[in-house]
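Undergrad: Take this structure first; my questions come after.
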Amino acid sequence: MKLEHKFVVPAPVEQTWAAFNDLERVVPCFPGATLTSYDGDEFTGSCKVKLGPVSLQYSGNGTFLERDPADHHAVIEAKGKDRRGNGTATARVTARLAESGPGSTEVTVDTDLTITGRPAQFGRGLIQDVSNKLLDQFTTCLKTKLDTTPAAGTPPADTTPPADTKPSADTSATQDASTTDDAPPAATPPPPPDAPPPPTSSEPAAVSLNLGSTLLPVLARRAAPYLIGAALALLLRRLIRR
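Under the working numbering, the first residue of the sequence shown carries the number -14, and numbering increases by one thereafter.
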């Protein structure tokens, strides 16, 4: 199954190429994907997919077969299988980057995809529609990461030196004496909790990709003509019987 995508990123081609080669930066932009390891041209990872009541978790590895920084061209081959044995997926991805204007890059992605198991029951047209929606989420995240435009309306930093508010020696002595005489007794510190709270991680938890919300609109759009035809046939049948 061959899939074709094309989109524009608001960043120079060299900056976009560097981002595509930084897997730790770009992989989190794909919904449900997690990078496990990365060494040279080899990498491993996983992707969580929820298809209605069915939960899939693909684990596998990938390799950069080609990587041409001069031509901004790369070929990646990735293979994975569901941990519960619900299917496998193999993809050969060819990406080409080209300058499309001042400060923008056009990205062309051609994917040769082979899937088995439950996801294989969906046809090419449906998978193309779903992949388009997923790519929209990916490009939105990538554009955010590559956007270096400063926020509008940011006030300039205040460079005025602070006023000298150091009190005189006599005033300080008077205040210290007053504070010492009127200070209330120190409060007893609260006892330590029975157990320390669990440590928090700075890395966000991987969010599984829920294809239910993505598939339903596509299925509804594709089924609409058949439903309308069935409704008209039923109406004509009732009119003829009368």
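Just so you know, even glycine gets a beta-carbon here, dropped at the ideal spot from N, CA and C.
#1: Residues in its own chain within less than 8 angstroms of G45 by CB, not counting five upstream and five downstream?
#2: Whose CA, out of T124, G72, C14, lies closest to the CA of Q106?
#3: Quick one: what does DSSP say G65 is sitting in, helix, strand or coil?
#4: Tell me where the alpha helix (DSSP H) around G110 begins and ends.
#5: At the 9 angstroms Cβ level, is D121 part of the contact set with chain C, yes or no?
#6: At which residues does the alpha helix (DSSP H) containing A3 begin and terminate?
#7: At the level of alpha carbons, what is the spacing between P(-5) and F123?
#8: For K33 and D7, I'd like the C-alpha separation in whole angstroms.
#9: Measuring only the C-alpha atoms, how far is R10 from A4?
#10: Using the Cα positions of V92 and Q42, report the straight-line distance between them to the nearest angstrom.
#11: From V12, I61, L127, pick the residue whose C-alpha is nearest to that of D95; which is it?
#12: Identify, in the order they occur along the chain, each residue of the same chain with its Cβ nearer than 7 angstroms to the Cβ of L(-12), setting aside the five sequence neighbours on each side.
#13: Assign G110 to buried or exposed, taking buried as 16 or more other Cβ atoms, counted over all protein chains shown, within 10 Å of its Cβ.
#14: Who does L41 pair with in a DSSP beta bridge?
#15: Let me make sure I understand the geometry here. Which of T1, K118, A59, T129 has the alpha-carbon closest to that of T48?
#16: Please determine, among K(-9), P(-3), R77, the residue with the shortest C-alpha to C-alpha distance to I100.
#17: Drop a sphere of 10 angstroms on the beta-carbon of T21, count the other beta-carbons inside from all chains shown, and report buried for 16 or more, exposed for fewer.
#18: Which same chain residues, not among the five before or five after T79, have their C-beta less than 6 angstroms away from its C-beta?
#19: Within its chain, find whatever has a CB closer than 6 angstroms to the CB of M(-14); leave out the 5 residues flanking it on each side and keep chain order.
#20: State the Cα-Cα distance for the pair G88 and Q0, rounded to the nearest angstrom.
#21: Going by beta-carbon coordinates alone, are V(-2) and A83 separated by less than 9 angstroms?
#22: Is it the case that the Cβ atoms of T90 and W2 are separated by a distance below 9 angstroms?
#23: Pull the bridge partners of T19 from the DSSP assignment, please.
#24: Can you pull the DSSP bridge partners for G47?
#25: Based on the DSSP secondary-structure assignment, which residues constitute the bridge partners of F83?
TA: Short version:
#1: As a first step, residue 45 must be located in the sequence shown, where it is residue number 60. Excluding positions up to five away in sequence, the list reads T29, G30, S31, A63, K64, G65, K66, A74.
#2: Numbered from 1 along the sequence shown, position 121 holds the residue referred to as residue 106. Looking at the Cα atoms, G72 is the closest of the given residues.
#3: Numbered from 1 along the sequence shown, position 80 holds the residue referred to as residue 65. Three-state result, G65: strand.
#4: The residue labelled residue 110 in the question sits at position 125 within the sequence shown. Taken as a continuous stretch (DSSP letters only), the alpha helix (DSSP H) holding G110 covers 109 to 131.
#5: Although the question refers to chain C, the structure presented lacks it and comprises just one protein chain.
#6: Against the sequence shown, residue 3 aligns to sequence position 18. Where A3 is concerned, the enclosing alpha helix (DSSP H) stretches over -2 to 6.
#7: The residue you call residue -5 lines up with position 10 of the sequence shown. The residue you call residue 123 lines up with position 138 of the sequence shown. Each residue's Cα considered, the two are about 14 angstroms apart.
#8: In the sequence shown, counting from the first residue as 1, residue 33 sits at position 48. In the sequence shown, counting from the first residue as 1, residue 7 sits at position 22. Their Cα atoms are separated by approximately 21 angstroms.
#9: What you label residue 10 is simply residue 25 of the sequence shown in a count that begins at 1. What you label residue 4 is simply residue 19 of the sequence shown in a count that begins at 1. About 7 angstroms.
#10: Here residue 92 refers to the residue found at position 107 of the sequence shown. Here residue 42 refers to the residue found at position 57 of the sequence shown. Using only the alpha carbons, I get a separation of about 28 angstroms.
#11: Against the sequence shown, residue 95 aligns to sequence position 110. The shortest Cα separation from D95 among V12, I61, L127 belongs to I61.
#12: Within the sequence shown, numbered from 1, the residue matching residue -12 stands at position 3. Closer than 7 angstroms at the Cβ level, and outside the excluded window around L(-12), lie T96, L98, Q113, S116.
#13: As a first step, residue 110 is located in the sequence shown; it is residue number 125 there, counting from the start. Counting Cβ neighbours within 10 Å, G110 comes out exposed, since fewer than 16 surround it.
#14: Within the sequence shown, the letter at position 56 stands for residue 41. Answer is V34.
#15: Along the sequence shown, read from residue 1 onward, the residue named residue 48 stands at position 63. Measuring from the Cα of T48, the nearest candidate turns out to be A59.
#16: Here residue 100 corresponds to residue number 115 of the sequence shown, with the count starting at 1. Measuring from the Cα of I100, the nearest candidate turns out to be R77.
#17: Here the question's residue 21 lines up with position 36 in the sequence shown. Burial call: exposed.
#18: Within the sequence shown, residue 79 is the residue found at index 94, counting from 1. The residues are V60, D95.
#19: Your numbering for residue -14 matches position 1 in the sequence shown. Result list for M(-14): L98, R109, in chain order.
#20: Start at 1 with the first residue of the sequence shown, and residue 88 comes out as number 103. Start at 1 with the first residue of the sequence shown, and residue 0 comes out as number 15. Rounded to whole angstroms, G88 to Q0 spans 10 angstroms at the Cα level.
#21: Start at 1 with the first residue of the sequence shown, and residue -2 comes out as number 13. Start at 1 with the first residue of the sequence shown, and residue 83 comes out as number 98. Yes, the pair counts as a contact, with Cβ atoms nearer than the cut-off.
#22: Within the sequence shown, numbered from 1, the residue matching residue 90 stands at position 105. Within the sequence shown, numbered from 1, the residue matching residue 2 stands at position 17. Yes, the Cβ-Cβ distance between T90 and W2 is below 9 angstroms.
#23: Position 34 of the sequence shown holds residue 19. The partner list for T19 (beta bridge, DSSP) reads S31.
#24: Walking along the sequence shown from the start, residue 47 turns up at place 62. F28, A63.
#25: Counted from its first residue, the sequence shown places residue 83 at position 98. According to the sequence shown, residue 83 is Ala rather than Phe. E91, per the DSSP bridge assignment.
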